[in-house]
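First residue of the sequence shown: 1, per my numbering; consecutive thereafter.
Note that the Cβ used here is the ideal one computed from N, Cα and C, for glycine as well.
Model, not experiment: these values are computed from the prediction.
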Amino acid sequence: MNNIINKISDKITIKADLTELDRVRSFIQNASLSLGFDAITSNLIALAVEEACTNLFKHSYNFDKSKEVSITLSADSKGMEILIEDDGPSFDPTALLPIDAEKIHKNLKKGGLGLFLISKVMDKIYYFPKDNTNIRNRLILFKNFV
């Protein structure tokens, strides 16, 4: 991994539209590859971020394409942080962790594995709802370099 990073940061803003997920994937994959993550890990990180965005589009924004999500990527010598910000109703996905994948599978419910996937790929997940301090909901996904 690239352990000589002082601090980098980059940001994109997307509409709550599934067609924007290609931009998200490219943004995350290019950044994670340039930071030294291997291709498989970069792909998994991108998939985790896509899942988080898809959940926002569906559950928070009802696929309202006029709504926006901001994704800020930053890295230091420890790892990569992905900050996903939205203006929808607050919902703390970390309150559902840990997820029992076997229970979801037994219920044969369509979907429901996105948060499980995110929790398995990423090393840390934090959520901060909008309030007097935060003007937007903030989901933070962190991946260690090692």
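So, under 8 Å CB-CB, residue 9 and residue 74 are touching, yes? Tell me the CB distance rounded to an integer number of Å.
Stepping through the sequence shown from its first residue, residue 9 is reached at position 9. Stepping through the sequence shown from its first residue, residue 74 is reached at position 74. Between residue 74 and residue 9 the Cβ distance is about 4 Å, and since that is below 8 Å, they are a contact.
Between the CA atoms of residue 34 and residue 147 - distance to the nearest angstrom:
No information on residue 147 is available, as it lies outside the stretch 1 to 146 that the chain covers here.
Where residue 52 sits in the DSSP three-state scheme
Your numbering for residue 52 matches position 52 in the sequence shown. Three-state DSSP puts residue 52 in a helix.
So, is residue 3 buried or exposed, given that buried needs 16 or more other C-beta atoms within 10 angstroms?
Your numbering for residue 3 matches position 3 in the sequence shown. Reliability of the predicted coordinates at residue 3 is poor, the pLDDT of 42 falling under 50, and the value obtained from them is presented with this limitation in mind. The residue in question, residue 3, is exposed, as its Cβ has fewer than 16 Cβ neighbours within 10 Å.
Check whether residue 70 and residue 11 have beta carbons under 8 Å apart:
Along the sequence shown, one-based indexing puts residue 70 at 70. Along the sequence shown, one-based indexing puts residue 11 at 11. Taking 8 Å as the cut-off, the Cβ atoms of residue 70 and residue 11 count as close.
Going by CA-CA distance only, name the one from 135, 126, 140 and 125 that's closest to residue 84.
Residue 84 sits at position 84 when you count from the first residue of the sequence shown. Answer by Cα proximity: 140.
Segment limits, beta strand (DSSP E) that includes residue 86:
On the sequence shown, position 86 is the one that residue 86 refers to. Secondary structure note for residue 86: its beta strand (DSSP E) is the uninterrupted segment 79-86.
Measure from the alpha carbon of residue 43 to the alpha carbon of each residue in 54, 115, 25 and 36, then state which is nearest.
Within the sequence shown, residue 43 is the residue found at index 43, counting from 1. When each option's Cα is compared against that of residue 43, the closest is 25.
Under 8 Å by Cβ, that's how I've got residue 45 and residue 32 pegged, so tell me the actual separation to the nearest angstrom.
Taking the sequence shown and counting its residues from 1, one reaches residue 45 at position 45. Taking the sequence shown and counting its residues from 1, one reaches residue 32 at position 32. Between the beta-carbon of residue 45 and that of residue 32 there is about 5 Å, and that keeps the pair under the 8 Å contact cut.
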